[in-house]
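The sequence shown maps to residues -15 to 280 in this note's numbering. We put the beta carbon where it would ideally sit given N, CA and C, even for glycine. Keep in mind the model is a prediction, meaning the values are calculated, not measured. Reading through the structure tokens given below for one structure.
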Amino acid sequence: AGQTMPLATLGRTGVQVSRLGLGCAHFQRPHVRIDDVTAVLHRAVELGVNYLDTAPNYGAGPNVAEQKMGPAVREIRDRLFLVTKTEEPTYEGTWRLLRQSLTRLQTDHLDLVHLHNFGQVERFPDLQFTFSKRGAFGALEEAKKQGVVRFIGASGHVFPARFHAALDSGGIDVLMNAVNYVVQHVYDFEHKIWCRARHENIGLVAMKVLGGAGPGGTGFQLPTDSYEWAMRYALSIPGLACAVVGIENTTELEQAVATTVGFKPFTPAEAHTLAQRGLTLAADGDWPQVYGQPVD
């Protein structure tokens, strides 16, 4: 008790973010009410969590995560690093989503907006177009000039090699990728992309830390008895600023905060055990393409 949430610098943004990020996808679940979301967000900032990760496509109708977050965000906006995403490849489409997110989240600016699941070729088929003035990236650059968006990122579960194109643009400030002790042996963003990203001082954010769903609802939870190990794996990745964990209620929040605050690096023996455990699970028929293709 009494220990505080550690902070880290989010790469070249220079911003201090909490080592634990609050993943807001679970707020789209119908049984989660606006009051519940408000309670979680208020408790999060009390506990020192300032990083909130959401997206326009989390939920539909009355269960849009951004919409449920709005009232609380409005009250505590100055204490948040607020992150959302675009799923639209075009300039116009991305601006439409930005305006919608600003309205739903009841704010006049977003701290970071990601190209959402940038590795998904169906969503962003033409990279040259995506990074042109007419593409999503063009819209984000324009929004940055206008002060509507502070930083630009790319998030993704699959196709690590594609993220070199994002870094090549020179305009990406942050990457958020699916990393955990199992998919390390499948997609391996840690080595394929993050080594380069670290050299370029790109902010690094982990997702799928506990397993969790991928695009289209695929996905597998890591064994619950390895919760602490899963968290420690992510927090041990060199250069990682923030590990985003999907949280639905204050109980889950308190657990994630306690684990982050109490973080201890692995001993060599523990690291070896975890590598073996991860390799075994990665070889299991269910895990190999957990988030889809391609894996390279």
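8 Å contact criterion, which residue i and residue j should meet: CB distance rounded
| i | j | result |
| --- | --- | --- |
| Thr91 | Arg61 | 5 Å |
| Tyr35 | Val1 | 5 Å |
| Leu82 | Met53 | Their Cβ separation, rounded to whole angstroms, is 16 Å, which puts Leu82 and Met53 out of contact at 8 Å. |
| Val97 | Thr114 | Incorrect: roughly 14 Å between the Cβ atoms, too far for contact. |
| Phe250 | Arg216 | 6 Å |
| Arg281 | Gly223 | Nothing can be reported for residue 281: it is not among the residues displayed for the chain, which extend from -15 to 280. |
| Ala23 | Thr234 | 6 Å |
Alpha-carbon to alpha-carbon, residue j and residue i
| i | j | result |
| --- | --- | --- |
| Ala120 | Pro73 | 5 Å |
| Leu206 | Cys8 | 19 Å |
| Leu89 | Glu50 | 6 Å |
| His10 | Ala28 | 15 Å |
| Leu94 | Glu184 | 23 Å |
| Ala(-15) | Val245 | Summary for Ala(-15): the model assigns pLDDT 47, below 50, so the residue's position carries little reliability; its value from the coordinates is reported in the next sentence. Their backbone Cα atoms lie some 9 Å apart in a straight line. |
| His169 | Tyr275 | 13 Å |
| Phe108 | Gln(-13) | 43 Å |
| Trp213 | Arg80 | 40 Å |
| Val189 | Ala(-8) | 11 Å |
| Val229 | Ser116 | 32 Å |
| Ser87 | His148 | For clarity, residue 87 is Thr in the given sequence; the question names Ser instead. If I take the Cα positions, the gap works out to 33 Å. |
| Pro144 | Lys192 | 15 Å |
| Asn41 | Asn161 | 18 Å |
| Asp20 | Gln112 | 42 Å |
| Asp152 | Glu125 | 15 Å |
Beta-carbon spacing of residue i, residue j below 8 Å
| i | j | result |
| --- | --- | --- |
| Tyr75 | Ala127 | no |
| Gly137 | Ile156 | yes |
| Gly103 | Val142 | yes |
| Gly43 | Gln84 | no |
| Gly45 | Val166 | no |
| Leu194 | Tyr211 | yes |
| Leu219 | Ala225 | no |
| Leu(-6) | Val241 | no |
| Thr(-3) | Val158 | yes |
Bridge partner(s) assigned by DSSP for residue i
| i | result |
| --- | --- |
| Lys69 | His98 |
| Ile136 | Val97 |
| Asn161 | Gly140, Ala190 |
Distance cut-off 7 Å: residue i Cβ against heavy atoms of the ligand ZN
| i | result |
| --- | --- |
| Gly230 | What this structure holds is no ligand at all, so the ligand ZN is not there to describe. |
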